[in-house]
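Novice:
Numbering (my numbering), first residue to last: 4 to 308.
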């Protein structure tokens, strides 16, 4: 197991390097001067040159690339041009909000998809199955940038029972979590239904029923336990999609997470902050996939062999 974990962690290194390198090159190829945006177009040339030297932007792009990775290896992600703070401190202050939103959205998706998928499989080809399939298809077709404003209009403005935006209490988390977890719930519902239909047709299920076990025990203790193995893989892969979707969702609800910080950094051409945000998202995504592989190997012993 230790060798397996080590190999997976080594695989993540070239992925992180490639992602950050591509982002570094792309943001430097975009026309515009971030220092001029920071100081204003009327700033004296001497001040512009001094600021470029302070932030290390007065050297060739190749040297900037080397300097950036040298800083990363020493735990220094640079200083934000827009906020004039350490990128590391900004990420550490915003990361808990993004993690809270992501796990809340994941909880919403699982709470909706597992009962719906099991119910759909048990009522195959009946009106309940068709209704759940229709709702899941609707959820797949409805993007979060459209669902978010609709939820705001209905629950925050029309009913007035939930806050529009910001953070502070658990009520501020409800609408963003539903918005972000809705599409994932639709995907997982169809996955759970398919996996449950396959498991319910297995011989061990017929044997369990022949022994006289209660139907709830057969479905939830035996069939659902084995059906969650492929669903677990999808959850791990979709965790990265939640992080990507958090960029839009956090912007809609003014949620102070890394996603909204990324949008602000891109808007202001904040080189170091953009690179730091992408590095944080990439590391989180890769680590979650490693954890998913480990959980999958625990759930399915044949993987370890």
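Cβ atoms here follow ideal geometry from the backbone N, Cα and C, with glycine treated the same way.
Check whether the Cβ atoms of residue 177 and residue 239 lie closer than 8 Å to each other.
Specialist: Not a contact, by the Cβ cut-off of 8 Å.
Novice: Compare the C-alpha of residue 83 against each of 296, 265, 139 and 104 and name the closest.
Specialist: Ranking the options by Cα distance to residue 83, first place goes to 265.
Novice: Measuring alpha carbon to alpha carbon, tell me which residue in 289, 285 and 254 is nearest residue 270.
Specialist: Of the listed residues, the one whose Cα sits closest to residue 270 is 254.
Novice: To which residues of the same chain is residue 284 closer than 7 Å at the C-beta, ignoring the five residues directly before and after it?
Specialist: Here the set comprises 246 and 261.
Novice: Taking 8 Å as the cut-off, decide whether the C-beta atoms of residue 195 and residue 250 are in contact.
Specialist: Taking 8 Å as the Cβ cut-off, residue 195 and residue 250 do not qualify as a contacting pair.
Novice: Quick one: grab the DSSP three-state call for residue 10.
Specialist: Three-state result, residue 10: helix.
Novice: What is the DSSP secondary structure of residue 103, counted as helix, strand or coil?
Specialist: Three-state DSSP puts residue 103 in a helix.
Novice: Just to confirm before moving on: does the CB-CB distance between residue 22 and residue 281 stay below 8 Å?
Specialist: A contact, by the Cβ cut-off of 8 Å.
Novice: Does residue 228 pass the burial test, meaning 16 or more other C-beta atoms within 10 Å, or should it be called exposed?
Specialist: So residue 228 counts as exposed.
Novice: Is any heavy atom of the ligand COA found at a distance shorter than 7 Å from the C-beta of residue 135?
Specialist: Here there are no bound small molecules, and the ligand COA is not part of this structure.
Novice: First and last residue of the alpha helix (DSSP H) that includes residue 241?
Specialist: 227–255 is the span of the alpha helix (DSSP H), which, as asked, contains residue 241.
Novice: Rank 278, 298 and 175 by C-alpha distance to the C-alpha of residue 231 and give the top, closest one.
Specialist: Cα-wise, what sits closest to residue 231 is 298.
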